[in-house]
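**Student:**
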Amino acid sequence: MRRVALSSTTLSSFSSTGVTLRPHARVTQPVEGFAVDVVEFAARSRIGRHPTRVWQLLAVVSGEGWAAGPDGHAVPLGPGDAVLWEPGEEHASGSSAGMVAVIVQSPVPPLPGDDDSAPPVE
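Residue numbers (numbering that gives the first Met the number 0): 0 to 121.
(1) Whose CA, out of Gly71, Ser15 and Thr9, lies closest to the CA of Trp84?
(2) Report the option in Ser15, Ala58 and Ala100 whose CA atom is closest to the CA atom of Arg21.
(3) Leaving out five residues before and five after Thr51 in sequence, what residues of the same chain have Cβ atoms less than 6 Å from its Cβ?
(4) Determine, using beta carbons only, whether Ser61 and Pro75 come nearer to each other than 9 Å.
(5) Quick check on Ala66 - is its C-beta less than 9 Å from some C-beta in chain C?
(6) By DSSP, does Ser11 sit in helix, in strand, or in coil?
(7) Hey, could you find the ends of the beta strand (DSSP E) Asp36 is sitting in?
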């Protein structure tokens, strides 16, 4: 076992505010574009609206926040909730009180579970 230090960056692209990104995994072989990040949303924070490049799964670990898809409708999220965006889908997310989430990015669907039977968010 080897202890490693995980770096962090303040996310400022997409007009984002109050968001710290901690990269946890980057895989270039054999799947270019795969990444796992822990994202810390401060109070009154947001990741501004932008299109995804690959499939993107946001899973809330703690706190409360929101996510929006192409229609801009903000859906409330809490611990255990997750949303999945398809490649090219416009989206945004944020939190008024603070939230920690894991974001999995992948060129293939990173679906929770064994199938894609999860209903769309209304």
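All C-beta atoms in this analysis are idealised placements derived from N, C-alpha and C, irrespective of residue type, glycine included.
**Tutor:** In terms of the structure at hand:
(1) Gly71
(2) Ala100
(3) Trp84, Pro86 and Glu88, listed in sequence order.
(4) no
(5) Structure shown: chain C not included; a single protein chain is present.
(6) coil
(7) Phe33 to Pro50
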